[in-house]
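*Asks:* The sequence shown begins at 538 in the working numbering and counts up by one. All C-beta atoms in this analysis are idealised placements derived from N, C-alpha and C, irrespective of residue type, glycine included. Keep in mind the model is a prediction, meaning the values are calculated, not measured.
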Amino acid sequence: MPSPKTIGLLIAAVCSAVALGSGYAMARRVGNYNLRNPPQLFDCRQIEDRDFTFAGRPVRLEDAADEHGRSAVRLTYGDRSVTFAVHPPVIKNFGDLGPYADWLAVVELSPLELGRIVTDEHGVAPRRLAVINRNTAGFDPDTWGSVRVKDWLFDIYELTPAGDIDRSTHQFQTRNRVSGAMETPAEVEARRELEKAGRAPPPPDQAITDVRPIAERSWQWQAALFAVPRGQVSRYRFRTDAVAGNLTTEGMGWTLPLTGFSMMGALVGMGVFLSGFVARRTV
């Protein structure tokens, strides 16, 4: 009968060979995924000043009230101005935007490539400035609104170099448990209301709300995270990555569990091999 040393060495050798082979295949899959799906990286700089300049125009954010008397912020960019409701700050008319930290953020973003900010032929980095205002989609922000994370809406006011203020509402997507499709909770709720009213909703590819889904790795994704409460771990995760893959590129697939189990097998083999050196008492 083979000794424990021989058995353990054989198990460790076979499992190590499998781990090397599957690990190499896994590395190639990860490299291929990242090559076909290059990540969008941004240099993000949060601005807490109420007064600053962007694209040669003055920018100002000041406390105000909307037409209903609710707490609001007036955003002025050059000769354009917009007022929008916000969660009431702890301290009004504070020197900077600190009291709005969990609800409102001003973020300047520049694209990154190979760890460096991308510049044009004149050495100028394209910059994007956005004001992000988070709201709880009608739920009480101090109760249900604080925990219904998937329902949070992000109003993004983008200040364009042309001097305009472009407003759009965004929401992180969730996966439909039945179809597996990605969808915004606002769209799901709107379709549910249509069905309750006895009306047939339009096809899935036809949106019925103005809420835009936040695409993974987009600048909107990066910017929205600045308006998430800092004391809360973000629950938003990428649904497609090198582990799971996507519709066009395979992920790690079978290589990940095979590499993991073969490495465990190699450790077991080494344990059996080392047990052969343990002296046994003879009675």
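#1: Sort out for me which residues DSSP pairs Val619 with in a bridge.
#2: Check this for me: beta carbons of Asp692 and Phe621, under 9 Å apart or not?
#3: Specify the secondary structure class of Thr656 as computed by DSSP and reduced to three states.
#4: DSSP has Ile862 in a bridge; who is on the other side?
#5: Less than 9 Å between the beta carbons of Arg767 and Ala638, yes or no?
#6: Between Ala718 and Arg712, what straight-line distance do the alpha-carbon atoms span, to the nearest angstrom?
#7: Run through the DSSP bridge pairs and tell me what Leu646 is partnered with.
#8: Can you name the residues that DSSP bridges to Ala602?
#9: Is it true that the CB of Arg565 sits closer than 9 Å to the CB of Ala779?
#10: Where does the unbroken alpha helix (DSSP H) through Arg728 begin, and where does it stop?
#11: DSSP three-state call for Leu651: helix, strand or coil?
#12: Gly813 and Pro541: beta carbons closer than 9 Å?
#13: So, are the CB atoms of Ala741 and Glu720 less than 9 Å apart?
#14: With burial defined as no fewer than 16 other Cβ atoms inside 10 Å of the residue's Cβ, what is the status of Ser618: buried or exposed?
#15: DSSP has Val596 in a bridge; who is on the other side?
#16: Below 8 Å, can you find three or more Cβ-Cβ pairs linking the stretch 790 to 808 to the stretch 550 to 559?
#17: Just confirm the distance between the C-beta atoms of Pro678 and His624, as a whole number of angstroms; I'd bet it's less than 8 Å.
#18: From the DSSP output, which residues share a beta bridge with Glu787?
#19: Please classify Phe810: is it buried, with 16 or more other beta-carbons within 10 angstroms of its beta-carbon, or exposed?
#20: Rounded to the nearest angstrom, what separates Val610 and Pro626 at their Cα positions?
#21: Using a Cβ distance threshold of 8 Å, determine whether the stretch 661 to 681 contacts the stretch 752 to 764, with at least three qualifying pairs required.
#22: Which class does Val627 belong to by DSSP, given the choice of helix, strand or coil?
#23: Please work out which residues of its chain come closer than 6 Å, Cβ to Cβ, to Pro595, disregarding the five sequence neighbours upstream and downstream, and give them in chain order.
#24: Grab me the residues of Ala723's own chain with a C-beta within less than 6 Å of its C-beta, minus the 5 sequence neighbours each way, in chain order.
#25: Report back the beta-carbon spacing between Tyr570 and Thr792 to the nearest angstrom; my notes put them in contact at under 8 Å.
#26: With Val809 as the anchor, note down where its alpha helix (DSSP H) starts and where it stops.
#27: Would you check if the distance between the CB atom of Val643 and the CB atom of Gln583 is smaller than 9 Å?
#28: By the three-class DSSP mapping on this structure, what secondary structure does Val765 have?
#29: Please state whether DSSP places Leu641 in a helix, a strand or coil.
#30: Could you tell me the boundaries of the beta strand (DSSP E) in which Val748 lies?
*Replies:* Reading off the structure:
#1: Leu612
#2: yes
#3: coil
#4: A question about residue 862 goes unanswered here, because the residues of the chain that appear run from 538 up to 820.
#5: yes
#6: 6 Å
#7: Cys581 and Arg665
#8: Ser608
#9: no
#10: Pro722 to Lys733
#11: coil
#12: yes
#13: A small fix is needed here, since residue 741 is Pro in this sequence, not Ala. Yes, the pair counts as a contact, with Cβ atoms nearer than the cut-off.
#14: exposed
#15: Phe589 and Tyr614
#16: yes
#17: 6 Å
#18: Gly782
#19: buried
#20: 10 Å
#21: yes
#22: coil
#23: none
#24: Gln708, Thr746 and Val748
#25: About 12 Å; that fails the 8 Å criterion.
#26: Thr792 to Ser812
#27: yes
#28: coil
#29: strand
#30: Val748 to Pro750
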